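Worksheet: the structure to be examined is printed underneath.
There are 2 protein chains.
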Amino acid sequence: MRSFKDKSLENIQVQLVSYEASITADICLFGFQDGHLKVLLVNRTVGPFKNCWLIPGGIMEADETIEQCANKVLKCLIGLEHVHMSQVKAYTNLNRHPLKRVVTISFYALIQPENHPMEQKMNVTEIKWFGLDNLPDNIGFDHLEIIKDSHTLLKQNLKNNLIFGELLPEKFTLNELQTLYESILEEELDRRNFRKKILQMDILENTGAIKKGIKGGPYLFKKK
Amino acid sequence: MRSFKDKSLENIQVQLVSYEASITADICLFGFQDGHLKVLLVNRTVGPFKNCWLIPGGIMEADETIEQCANKVLKCLIGLEHVHMSQVKAYTNLNRHPLKRVVTISFYALIQPENHPMEQKMNVTEIKWFGLDNLPDNIGFDHLEIIKDSHTLLKQNLKNNLIFGELLPEKFTLNELQTLYESILEEELDRRNFRKKILQMDILENTGAIKKGIKGGPYLFKKK
DNA sequence: TCAAAAGTGTTTTAATTACACCCATGC
DNA sequence: GCATGGGTGTAATTAAAACACTTTTGA
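In structure tokens, the structure reads:
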């Protein structure tokens with residue numbers, strides 16, 4: 001049993017002079033497109049991991065929390081404020097960044113790709129949605145791990161709560177919703193059981209309108 | 225829609241000169257004692273929040289990850305290595321610490337208070353186990369929030385997985401296990417249903433031995 | 001011997017799963 | 001008109017919840 005004195009006082013109170021690190025917020029932005037769950041990646045044109053794909057991120061400044069920083073990143077990227085985000089995990093491995101030590105706190109957020117076109121920015125850096133089942137090989141840093149961890153948390157949250165709203169347009173068919181669930185959970189669901197379960201949750205409202213262009217003429221639903 | 229150029233390059237690559245912050249690992253250490261779930265708090269004798277109760281923590285150094293740092297804290301505190309820990313959340317509010325900016329990444333860990341007496345260290349700093357339902361008023365920083373978040377995660381993990389091992393001695397009665405579950409989940413469980421469920425998980429082994437000193441003569445079980 | 005806790009099964013209810021036919025629409 | 005997808009209900013299974021008496025032991 002070691003003496004308590006040697007280290008504990010240093011530990012329990014924060015010293016005024018101590019090691020400091022840069023902290024970034026990196027965001028795993030999920031979208032749902034063509035029946036697939038997708039992740040937004042940006043292509044680095046400079047620095048280490050040049051030409052590698054990354055999830056977007058930004059450095060936390062002195063006057064902002066990591067949540068504010070994450071919002072700043074999204075605002076710069078897609079011009080969108082007040083997107084709901086969930087904190088996933090902090091990554092602190094020593095050699096994450098080749099030039100200096102960087103600690104990253106990751107978040108995930110959900111948006112609709114259709115509502116946030118990003119093409120006009122491609123002269124600066126390429127921005128692209130990738131299917132989760134079709135990620136590029138050259139993902140930089142430990143961002144593949146962050147994507148996996150984010151997807152795991154999203155999956156878990158979907159099973160418990162119910163957070164599909166941001167991923168679908170205002171009006172959607174039950175099959176679109178089911179496909180979304182299936183692509184997040186990575187498993188097939190029985191159509192009738194899914195409908196029964198969702199409907200008896202009493203959170204959806206049948207608008208009465210019918211989606212055109214699809215055989216069968218499905219009803220459009222919206223959140224209550 | 226704003227231009228992408230203004231901020232994004234700054235954001236997507238980490239600059240070599242950027243704001244840096246001290247990072248600590250704070251640990252919500254849970255124990256199970258006298259039929260109650262407890263948390264270990266230390267009493268600050270110096271600095272801001274003097275005489276306030278805190279969960280133990282330590283500053284991350286240049287050569288360690290936050291997990292290594294958390295392990296270091298536990299090693300200094302209770303002389304124990306290789307304790308399993310779960311990352312809970314990162315706390316980055318600007319005024320968490322009155323003297324300087326400190327970002328904290330919190331963990332929870334589970335131990336048996338009986339096996340880790342800490343009395344001999346009380347001349348340095350008071351260390352005490354508090355019932356979760358009986359926490360002191362003067363908890364410093366945002367540590368009450370950290371404790372609540374940690375308990376929420378522990379509860380959730382107990383419901384999904386099953387992680388009681390570290391909180392009980394090698395051999396225990398089913399009622400001790402049930403009381404542990406009840407104190408974590410904060411709800412009463414039916415004795416017969418609990419036993420049925422736990423036993424059919426097939427993770428426990430009846431040692432055949434009987435615990436003395438308790439009316440009814442309960443069997444002692446252990447993990448398989 | 002009496003009070004307190006241990007041990008044990010069954011019944012009821014709710015939730016989950018499996019499964020098949022007819023209808024509406026687009027092509 | 002035909003192929004595709006939409007809409008619907010019931011039966012079977014499994015899981016969860018409710019519930020009471022006898023046995024063991026300590027005091």
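The listed protein sequences derive, respectively, from chains A and B. Residue numbering for the first sequence is 1 to 224, as defined by the numbering used here. Residue numbering for the second sequence is 225 to 448, as defined by the numbering used here. Beta carbons: idealized from backbone N, C-alpha and C, even for Gly. Treat the numbers as computed from the prediction; the structure is a model and nothing was measured.
- Within the same chain, 30, 31, 32, 113, 129, 130, 131 and 132 come within 8 Å of residue 38 of chain A by CB-CB distance, once the 5 residues on both sides are set aside.
- At least one CB atom of chain B sits nearer than 9 Å to the CB of residue 60 of chain A.
- Against chain A, the CB of residue 314 of chain B has a partner CB under 9 Å away; the residue lies at that interface.
- Pairing residue 102 of chain A with residue 96 of chain A gives a Cβ-Cβ distance under 9 Å.
- Around residue 447 of chain B, the same chain offers 389, 427 and 428 as residues with beta carbons nearer than 7 Å, after the five sequence neighbours per side are excluded.
- Taking C-beta atoms under 8 Å as the contact rule, residue 84 of chain A and residue 109 of chain A qualify, at a distance of about 7 Å.
- Residues of the stretch 102-113 of chain A with a C-beta less than 8 Å from any C-beta of chain B: 102, 103 and 105, listed in chain order.
- Contact check for residue 330 of chain B against residue 20 of chain A fails: the beta carbons are separated by 9 Å or more.
- According to the DSSP assignment, residue 420 of chain B belongs to the alpha helix (DSSP H) that extends over 415-424.
- With contacts defined by Cβ atoms closer than 9 Å, residue 315 of chain B and residue 370 of chain B form a contacting pair.
- Using beta-carbon distances, residue 65 of chain A counts as an interface residue toward chain B, with a partner under 9 Å.
- According to the DSSP assignment, residue 333 of chain B belongs to the beta strand (DSSP E) that extends over 326-334.
- Residue 258 of chain B and residue 248 of chain B have their C-alpha atoms roughly 31 Å apart.
- For residue 408 of chain B against residue 382 of chain B, the beta-carbon gap comes to about 5 Å, under 8 Å, which counts as contact.
- Against chain A, the CB of residue 244 of chain B has a partner CB under 9 Å away; the residue lies at that interface.
- Within chain B, the C-beta atoms nearer than 8 Å to that of residue 87 of chain A come from 313 and 314, in chain order.
- Within chain A, the residues 65 have their CB atoms less than 7 Å from the CB of residue 317 of chain B, given in chain order.
- Where residue 215 of chain A is concerned, there is no enclosing beta strand (DSSP E), because DSSP gives it neither an H nor an E.
- Residue 24 of chain A has A/59 and A/104 as its beta-bridge partners, per DSSP.
- Burial is judged here by how many other beta carbons sit within 10 angstroms of a residue's own beta carbon; residue 215 of chain A has fewer than 16 and is exposed.
- Secondary structure note for residue 36 of chain A: its beta strand (DSSP E) is the uninterrupted segment 36-43.
- If you check the CB distance, residue 413 of chain B and residue 400 of chain B do not come in under 9 Å.
- With a beta-carbon spacing of about 7 Å, residue 78 of chain A and residue 111 of chain A fall inside the 8 Å limit used to define contacts.
- Put simply, the backbone Cα of residue 212 of chain A is about 18 Å away from that of residue 178 of chain A.
- In the three-state DSSP reduction, residue 297 of chain B falls in the helix class (H, G or I).
- In the DSSP assignment, residue 445 of chain B forms a beta bridge with B/396 and B/430.
- Residue 115 of chain A counts as exposed, since fewer than 16 other C-beta atoms from the protein chains shown sit within 10 angstroms of its C-beta.
- Taking all protein chains in view, the Cβ of residue 99 of chain A is surrounded by fewer than 16 other Cβ atoms within 10 Å, so the residue is classified as exposed.
- The residue from A/45, A/209 and A/75 with its alpha-carbon nearest to that of residue 173 of chain A is A/209.
- Shown here, residue 383 of chain B sits in a helix according to DSSP, grouped into three states.
- At least 9 Å separates the CB of residue 146 of chain A from every CB of chain B.
- In this structure, the beta-carbon distance from residue 162 of chain A to residue 201 of chain A falls below 9 Å.
- A distance below 6 Å between beta-carbons, with the five flanking residues on each side excluded, links residue 260 of chain B to the following residues of its chain, in chain order: 355 and 407.
- Listed along chain A are 21 and 103, each with a C-beta nearer than 7 Å to that of residue 247 of chain B.
- Residue 361 of chain B and residue 264 of chain B have their C-alpha atoms roughly 15 Å apart.
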